[in-house]
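When the letters of the sequence shown are read in order and numbered with the UniProt record's numbering, they come out as residues 1 to 191.
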Amino acid sequence: MLDESDPAIERELARRKEGSLKEKEDKTASQKWPSQHMRECEKRGIPWPVPVDDALAASEWYQTSPKREKEVLALGFLDHIAKNIDYIDSYHSANRIPSSARVLPIVLPNSTFFDYNNMRFLLGRENLRFQGLNFKDDVLDRFTEQDLGNLAGNAFAGTVMLAVLIAVFSSLEFRAESDAERDGKTDNILK
Numbered sequence: 001m002l003d004e005s006d007p008a009i010e011r012e013l014a015r016r017k018e019g020s021l022k023e024k025e026d027k028t029a030s031q032k033w034p035s036q037h038m039r040e041c042e043k044r045g046i047p048w049p050v051p052v053d054d055a056l057a058a059s060e061w062y063q064t065s066p067k068r069e070k071e072v073l074a075l076g077f078l079d080h081i082a083k084n085i086d087y088i089d090s091y092h093s094a095n096r097i098p099s100s101a102r103v104l105p106i107v108l109p110n111s112t113f114f115d116y117n118n119m120r121f122l123l124g125r126e127n128l129r130f131q132g133l134n135f136k137d138d139v140l141d142r143f144t145e146q147d148l149g150n151l152a153g154n155a156f157a158g159t160v161m162l163a164v165l166i167a168v169f170s171s172l173e174f175r176a177e178s179d180a181e182r183d184g185k186t187d188n189i190l191k
């Protein structure tokens with residue numbers, strides 16, 4: 001993970017504060033989310049709207065989130081306390097939040113990971129690093145963090161990895177004998 005003083009973290013937080021994600025709420029969330037969240041809260045036996053812990057509410061990153069995402073983060077925070085969860089993917093609805101302790105849930109396109117230990121969203125460049133792809137900052141700075149996160153999600157999707165493996169295996173030659181032995185057998189057949 002990036003050091004908390006990394007300039008990329010400050011740039012992304014500033015971008016979020018500018019309000020450029022306000023449109024995201026309308027695009028990613030259907031109007032069904034309040035009823036889904038109510039049902040999830042009812043299942044868990046907690047009030048709706050979800051109570052927000054002071055530590056989470058104080059996070060500048062939390063404050064930049066749309067309403068739906070704030071509720072998902074608040075529910076995830078309850079899991080952070082009760083189950084020692086470190087990361088959640090807040091892109092999903094409350095009834096299917098991928099979460100994990102000490103490791104990231106699967107990285108997919110549009111993943112929006114929140115790190116409860118640092119009370120911030122992970123950057124796309126961090127998702128790339130978690131996938132084993134480490135590039136210099138001057139390369140990464142040419143792209144948005146969302147694009148980098150989507151690249152991380154697409155780079156190692158199961159179908160992509162299977163396609164790579166098929167390509168690798170189909171290009172390999174498995175030889176049980178030397179060229180000379182094979183050529184000799186071919187000559188014997190042709191005689």
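The beta-carbon is built from N, C-alpha and C at its ideal position, and this holds for glycine as well.
For D147, which residues from the same chain have a beta carbon less than 7 Å from its beta carbon, with the 5 sequence-adjacent residues on both sides left out? Answer for D147: G124, listed in chain order.
* To do: Measure the beta-carbon distance from S93 to W48 and round it to whole angstroms, keeping in mind my assumption that it falls under 8 Å.
  => Taking C-beta atoms under 8 Å as the contact rule, S93 and W48 fail to qualify, at a distance of about 14 Å.
Cβ-Cβ distance between D86 and A101 below 7 Å
Judged by beta-carbon spacing, A101 lies within the 7 Å limit of D86, meaning their Cβ atoms are closer than that value.
What span of residues does the alpha helix (DSSP H) with Y116 cover, start to end? Counted as a single uninterrupted DSSP element, the stretch harbouring Y116 is not any alpha helix (DSSP H), since DSSP gives it neither H nor E.
**Request:** State buried or exposed for L104, treating a residue as buried only when at least 16 other CB atoms are found within 10 Å of its CB.
**Result:** In the assembly as shown, L104 is a buried residue. Its beta-carbon has 16 or more other beta-carbons within 10 Å.
Within-7 Å CB hit, S111 to chain D: Given the protein chain composition of this structure (a single chain), no chain D is represented.
- Task: Since I believe G153 is in contact with P98 (beta carbons under 8 Å), could you give me their beta-carbon distance rounded to a whole number of angstroms?
- Result: Taking 8 Å as the upper bound for CB-CB distance, P98 and G153 are not in contact here, some 12 Å apart.
### Message
Going by C-alpha to C-alpha distance, which of N118, V160 and G184 sits closest to L56?
### Response
L56 has its Cα closest to that of N118, out of N118, V160 and G184.
What is the DSSP secondary structure of D147, reduced to helix, strand or coil?
-> Of the three classes helix, strand and coil, the one that applies to D147 here is helix, per DSSP.
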